[in-house]
Each structure stands twice: as structure tokens, then as C-alpha cells.
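Number of protein chains: 2
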Amino acid sequence: MITAEDIKLKRVAPAEGVSVEKLKRLIESGRVVIPHNARREGDIVPKAIGECMSTKVNVNVGTSKDYVNIDEEVAKARAAVKYGADTVMDLSTGGDLDEVRRRILKEVNVPVGTVPIYQAALSERAVVDMSSDDMFNAVRRHAEDGIDFVTIHAGVNLNTLERLRRSNRILNVVSRGGAFLVAWMIHNELENPFYKEYDYLLEIAKEYELTLSLGDGMRPGCIADASDRAKFMENIILGELVTLAREKGVQVIVEGPGHVPLDEIETSVKAIKHITDFAPLYLLGPLVTDIAPGYDHIVSAIGGAVACMYGADFLCMVSPSEHLALPSLDHIIDGTVVTKIAAHIADMVKAGQRERARQQDIEMAYARRNLDWKRQFELAIEPREAGRIRSNRPSESEACSICGDLCAIKLVKEFLKR
Amino acid sequence: MITAEDIKLKRVAPAEGVSVEKLKRLIESGRVVIPHNARREGDIVPKAIGECMSTKVNVNVGTSKDYVNIDEEVAKARAAVKYGADTVMDLSTGGDLDEVRRRILKEVNVPVGTVPIYQAALSERAVVDMSSDDMFNAVRRHAEDGIDFVTIHAGVNLNTLERLRRSNRILNVVSRGGAFLVAWMIHNELENPFYKEYDYLLEIAKEYELTLSLGDGMRPGCIADASDRAKFMENIILGELVTLAREKGVQVIVEGPGHVPLDEIETSVKAIKHITDFAPLYLLGPLVTDIAPGYDHIVSAIGGAVACMYGADFLCMVSPSEHLALPSLDHIIDGTVVTKIAAHIADMVKAGQRERARQQDIEMAYARRNLDWKRQFELAIEPREAGRIRSNRPSESEACSICGDLCAIKLVKEFLKR
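Have a look at this one:
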């Protein structure tokens, strides 16, 4: 009997350049996940995230308290997928949250994720007033709608909080979900329900085949806060939660930092991978400097490419608006393209992907050798900008307007007859 | 007696956060250079390039055969300096080359470099028709005008050429100066005059206190050609030429690749540094993928930040127009800002610079903690874009429009009273 699972594997394996058998083994070990809610409707392109798989890109969209325009957020989600996003997360915190989520689920054909605690927090007068029922009900509500993966900040427990208190962080907590839980735990003097009743969470996840993405509540919000004990404590808790999820047959991803200086990325990524038994690692950044607002998509591409070289699997797009404002549609597109470039750069040096990924670069090299411009545009990750640039300043020669007839490629081809 | 040299050192040392004594030792060892032509007029800001110094950024400008607009090239040079370029190179190959060069020298107050062989090549009917006198005369002419550093492809000799012939490169030679010399050597069946008569070149350099930047004629033009024997052969020759230059008291820089995959950068940079006795390393890129035309400033920032983490000292800006067209003024600015960001990211992890560089990031973290937007813009590497983004979508709260009142920083400050 051919199961839905078999169909999914047969579709994913060739897309990733691995055998069905290998993919199966990687999924069984938990090193690879394919987020897909049993209730999700429509023909959803399955995406494998983890070891030996191509680096995946998530794009966050969603309303805020200041800007509620559901049509625009749906348009952002569609544009993100058009420009190569593998998954979309709806992080809405303004307007009718159910409507945004359901519309996005309908309009895109990739896995969709959410952070249910946002809705739980908004269901009461104040964040600290939510009940543990509010939290779990939000998760169930999203699961019922067909959401494929949810971020749950279950690693923000009393132990982690104590490490945070003893730290000397400048920015303490910058994760929104993490901050909600820290505030809630302090105000109510209670353990984080997602940690305390993690078994109940796993039951819900199991029922809907919901993938858990264990949130990075302690992610450093600035370079000075990177790689500290609070973050490592959370990593340890997340590792234990990974084990429990796997025991119950629930797919699980781990989220990672944040703001990390360039020379700490290797240690950070490798430590998280070890501590969490090589769960797929989903990175928010890492941003490798704090002082480039307006250019954080580029800062994040630098950190992200390096992080994936060392084992990260899944990059969350950071837009040029990060730290400044809710992103515009254009910024979603810019950020998506740049993150796709970082993902490709990482795939070129990643076990299991390097030969496949480099094939495109090799073809580009031949297209350049042949001064075949049509082919160069076909091979470009995003050809529109390249086309605009070239047609704005054409050359009178068959080369480009930087060198014209003095093109090195032309000249050497003439003299070095090979 | 206080010499001009002493004045220069006293000006540079505090700018780099090192003592005059340490700077002096580094210059004497050749690990640091301060390019400055004895004939250069005006108050030129001295720039120290090399070990323990902050990462420097060069911006290329110049006419091409297809686009000759001297005013625009001068405007590009001025804009580059305004946005943080430490040096400017005039790579003009169209129109009155003497005029462009002289105007740029007058209009900017930073070291200016050129590639004299372009003028030599253009002085005859065809590139291969130039004489060795044409080549050396061009160098002397630029030196007389006050040019501070010149790229000389002296490592492209018969030995290197033989290694190239035995290679299976896709793109052979993509360096314009390198290609001129390869064509010339094959056509004339002669050794490269810059190699053969290197002593004469050193005499000219010595006379004008001209800094030599040993060109990267064999730089790989695509990922598939990276780290091969032709490039290593050239590195070896460049290393020998570094020794000879130092013996004659001529300041010397080494230029490096090119297109290099992310996981080969560490090896590439460290090998070049060793082989060339730790001469200041000037990088063109490295571009870590071939398939992102239109976004090569970002691709280069990724490679450049990583290369400088491993020891490169001097980054050549790559514009979004690379591989496509002569850059516009806007692209020069975009490229400069992004390269400055990469340089700062590297300084944050570089021996001799990390504490100083990170101070800005620490101040930004406090400004974010305090939601002090004015201060955040003051600390930004380039605040204009950040300001536009924020004012396009303001928040009704004191935070930003991503989270509004749900700002993690605000929330945690309220509950975690520290």
C-alpha cells in the first residue's frame, strides 16, 4: 500500500538530489523534517529541512498593531513564494488574526508557520493575563486551520530565566514570544506552561502532524549579548525537548540566534547542533553587526551564509526594515532575494548539495565565457535587476560597458587558443 | 628633527588605535603600508593598510570605451569618499585619461591609485603593439602626477603563463591588466617587462615614493577556477617580488582573488599571506557565487567580510553593476556602503581592532534598549536609508511599527527590573 508519506518522500527526494532510502533514514533520525499538517488543504509543495538538504528560506509576513492591511500581507506572502521562499510564517499581531492566517494558508502552496502565543496574548486585556488554556487553545486553533509548523518558546523556563537574571545582558530578551513568556512567568510566579505541560503540547502536535519549531526566546539582541550562559541554558533545555518530541513521533526544529559576531558563528552553530542531537536548525540571522539598520538583510546574509556553511539548515529572511518598521512589499522581495543568494552560497559548500548547487555556477561561467547574455540572465538567481542594469548602459561591443572591446575574456580567447 | 614621515605616523596611529612605535615596527616589517606619493599635492588623509589596521575600502571609478563622462567619474570619486571610501582608483579606459586622473587627484583627499598599463595599451593601435617603454612611461607619468599606488601585474610571467596553459580553467584570465599582458607575451613571445625589468620599476617607485600593488592577473573569474595552480604560481612570484620591493624600500601590497567559494576563503587568504611574507592583502571580492548578477555587491560583502576575518586588509568595492555595465553614481554609493559594512563586520573580529570596532555596536545596543531613535541613527554606518524606512511607516508607540506596544524590549524592561 502506498501511503501519503511515500508520495511525499518520492516527491522530495529528487528535488533534494538524495535517494528515498536516505531521506527516510534522515527523517527517522529526526535530522530532517518535512512540515505538513494533516489538515492542510490544497496541493502543498513538501519541503525537507535539515542535514544534507538544500538550505531553506522562510519569509515572515503579518500585520502589526500599527499597520493592519490584510490584502497587503497576503500579497507579501505570495510575492515571497514567487521570489523563492520555501515557507512563510504569519506573525500577525493586528486586526483579525484568524482571517490573515486563513487567507495566507489558502493563497500559498508552501508550508505555513505561526507563533500561536501572539494570538493567546492578544486574547486578553494584557499579555500577563493570558491563561495556560489561552496558550494551548491558540496552538490547537492554528493546528485545526492547517498550519504546518508553530514556534513554541518552551525553552524559556524558570531555569533559563534564572540564568538570564544572573547575566549582564544589555538587551535581555528581544524575542517577542520569549518576552511575553518572561513577563508572564515573572508576573504570575509560575513555570512556562509550554514547558510544564509539554506532553500536552506534544499530544496536540501529534494529532495534527504539526511540526514544532522550538523558539529562540533567549536569542541575543545585540553582539554584546551573544553566546552567553542564558542562551546556552536555553539550548540545553531545547535539546531535552527535542528528545521528548522525537520519542512521541513529533517532528521538531530548533531555532537559533540572533545577533552573533562573525567569529562566533561556527562555535554557536556546532554547539547547538550537538546539544540538540542534530535537529534541523532554523536561524534568525545571525546578524553580525548592530550598526547597519536599513541594510540588515545584507548583514543577515553574511551571517546566514556562514552559519549554513557550519550546519544551519533553514534561514529566516531578515528584511531591510528590521529594527525600524513593518516591511513594505518591496522590502519583502529584496530580503527574499538576498536570503536566497545566501542559501545558494551555503549550498555550494554543504555536504550533500555542493555538486548540484555548483552546477549552476559552472553553467554561468560558460555563459560568461561565450558572452551569452541571454543564458546569463536565465541562470541568474534573480534576473530582473541584472537586466535593468545592463539595458540602462549597453555596450557597443558584444561584451559589457565596463570594458567594451578591452574585455579580458574576448582578448584572452583570441590569443590563448584553447 | 621632525620628518614628514613622523607627522604621518602621528596622524595615523590614533586613527588606528595603535601606538606610533607599534605602527613604525609594522611599517618597517612591510606588514603595513601608507600609500603616499611624494609629489601628491594637497592635504591628503593618510591611510594605513595592513595587519592590525582597520579594514580599508577602495572604490574603483573611471570611464570606459562605451561611456566617457569625466564629470560623472569625478562625481563618483567624490561620492565614494563621502560614503567612506579610504582610497579611490581611477580605472579609466575611455576619453582623455590624463584629464580624468588629474581631476580625480585634485578632487579627493585620499590616496588615489591607477593601473598604468591601461594607458600604455591605449597608446598604440592594438594592445599587443605596446612597447615596454610604453609600459614604464605610463607608470612614470602617473607617478609624476602624484598617483599614490599603482597596480602592476608583474606576477603574470612565463612561468605563470605555462601553469595557466596546463590548467583547465573555464574563464582563463578575467583581469583586464592580466589579459593585456598575457596577450602581449603570447603575441610577442617575450617575458612580461614588469617582471623582467622589475628593478627598473622599483627605481621609479622609489623615486616617487610610489606604492606598488602587485596585480592579481590570474585571479579566478568563476568559482570553478578558484584556488588552482595558476593562481598559486602567481602568488609565489608575487611573494618573491614583495621581498625584492622591501629590499629596495618600496612599499608593496598584494592583490588577491576573485571568485572563491565560501569554504576556500580561509585557505586562500592564509596561503597568500604566508607566501607573500604577510604583505598587506588587497582583495577584489571574493565573490562567493557566480549566479547573482545585479547583487554582486552583496555577494562580495559576504566573501569580503569572511576574507578579512582570516587576514585580508583592504577590500575593493564591487558594485551591483559588476559583470553587467559601467556603474552609475547610485551603484557606486550602494557598493561603497555595503563594503564599509563588510569592513566593519571584519574589524569586529580582527586582532588590534575588535574592541574599538565593537564599541559602536555596544552603543547601538544601549540606544535600542532606550528606544533612543536619534542616537540609533547617529550610530548607523549609513543613516539615510534607515531614516527613510522608519519615517515611511512610523509607529504610534515609542517603539517601531513591527511590534508597536508589544515591543519585547519595552515589555521585558517593565517586568525584569534590572
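Protein sequence lines correspond, in order, to chains A and B.
Here my numbering runs 882 ahead of the position in the first sequence, where the first position is 1.
Here my numbering runs 882 ahead of the position in the second sequence, where the first position is 1.
For glycine and all other residues, C-beta sits at the position ideal for the given N, C-alpha and C.
Just verifying my parser: in three-state terms, what is the DSSP assignment at residue 1244/A? helix
Between residue 899/B and residue 1234/B, what straight-line distance do the alpha-carbon atoms span, to the nearest angstrom? 8 Å
Excluding the 5 residues flanking residue 1192/B on each side, which residues of the same chain have their C-beta closer than 7 Å to its C-beta? 1147, 1148, 1151, 1152
Is the CB of residue 1106/A under 9 Å away from at least one CB in chain B? yes
Below 9 Å between beta carbons: does that hold for residue 1182/A and residue 1199/A? yes
Assuming residue 1095/A is part of the alpha helix (DSSP H), what are its boundary residues? Where residue 1095/A is concerned, there is no enclosing alpha helix (DSSP H), although the beta strand (DSSP E) it sits in stretches over 1093 to 1096.
If the cut-off is 8 Å on Cβ atoms, which residues from the segment 1069 to 1103 of chain A count as contacting chain B, listed in chain order? 1069, 1103
Just tell me which of 1054/A, 1064/A, 1124/A, 1101/A has its CA closest to the CA of residue 1084/A. 1124/A
By the 10 Å Cβ neighbour count, where 16 or more other Cβ atoms means buried, how is residue 1030/A classified, buried or exposed? buried
Burial state of residue 1264/B (16 or more Cβ within 10 Å): buried
Can a CB atom of chain B be found closer than 9 Å to the CB of residue 948/A? yes
Assuming the contact rule is C-beta atoms closer than 8 Å, residue 1144/A and residue 1188/A should be a hit. Round their C-beta distance to whole Å, please. 7 Å
Considering residue 971/B, what are the terminal residues of the beta strand (DSSP E) in which it resides? 969 to 972
On the CB-based measure, 16 or more other CB atoms within 10 Å of its CB, does residue 1112/B come out buried or exposed? buried
For the structure I just gave you, are there three or more beta carbon pairs, one from the segment 888 to 899 of chain B and one from the segment 1278 to 1291 of chain A, closer than 8 Å? no
Kindly list, in the order they appear in chain A, the residues whose Cβ is closer than 9 Å to that of residue 1250/B. 1052, 1053, 1056, 1103, 1104, 1172, 1205
Can you say whether residue 1156/B is buried or exposed, counting buried as having 16 or more other CB atoms within 10 angstroms of its CB? exposed
Can you tell me which of the three DSSP states residue 1200/B falls into? coil
With a threshold of 8 Å, are at least 3 pairs of Cβ atoms found where one atom belongs to the segment 1154 to 1170 of chain B and the other to the segment 1075 to 1091 of chain B? no
Contact defined as beta carbons within less than 8 Å: I believe residue 1101/A pairs with residue 1140/A. What is the distance between those atoms, to the nearest angstrom? 3 Å
Any chance you could list the alpha helix (DSSP H) runs of at least 4 consecutive residues sitting entirely within the segment 1170 to 1226 of chain A, in chain order? 1178 to 1191
Which class does residue 1125/A belong to by DSSP, given the choice of helix, strand or coil? helix
So, is the C-beta of residue 866/B closer than 9 Å to a C-beta in chain A? Limits of chain B in this structure are 883 at one end and 1300 at the other, which puts residue 866/B out of reach.
With a threshold of 6 Å on Cβ separation, who are the neighbours of residue 1171/A within its own chain once the five nearest residues in sequence on each side are excluded? 1181
Tell me where the beta strand (DSSP E) around residue 1137/B begins and ends. 1134 to 1138
For the segment 1226 to 1244 of chain B, list every residue whose C-beta sits within 8 Å of some C-beta in chain A, in sequence order. 1226, 1227, 1228, 1230, 1231, 1240, 1242, 1243, 1244
With the cut-off set at 9 Å, would you say residue 1168/B and residue 1142/B are in Cβ contact? yes
Given 8 Å, three or more beta-carbon pairs between the segment 1103 to 1110 of chain A and the segment 1047 to 1064 of chain A: yes
Reduced DSSP secondary structure (H/G/I, E/B, other) of residue 938/B: strand
Contacts around residue 963/A, its chain only, beta-carbon distance under 6 Å, and the 5 residues preceding and following it disregarded: 990, 992
Is the segment 1060 to 1071 of chain A touching the segment 1085 to 1092 of chain A, taking contact as three or more C-beta pairs under 8 Å? no
List the whole-angstrom C-beta distance separating residue 1021/B from residue 998/B, where the pair is believed to meet the contact cut-off of C-beta under 8 Å. 5 Å
For residue 1252/B, is the classification buried or exposed, using 16 other Cβ atoms within 10 angstroms of its Cβ as the cut-off for buried? exposed
Between residue 1229/B and residue 1221/B, what straight-line distance do the alpha-carbon atoms span, to the nearest angstrom? 12 Å
With contact counted as at least three CB pairs below 8 Å, one residue from each stretch, are the segment 1039 to 1046 of chain B and the segment 929 to 936 of chain B in contact? no
Please decide whether residue 1047/B counts as near chain A, where near means a Cβ-Cβ distance under 9 Å. yes
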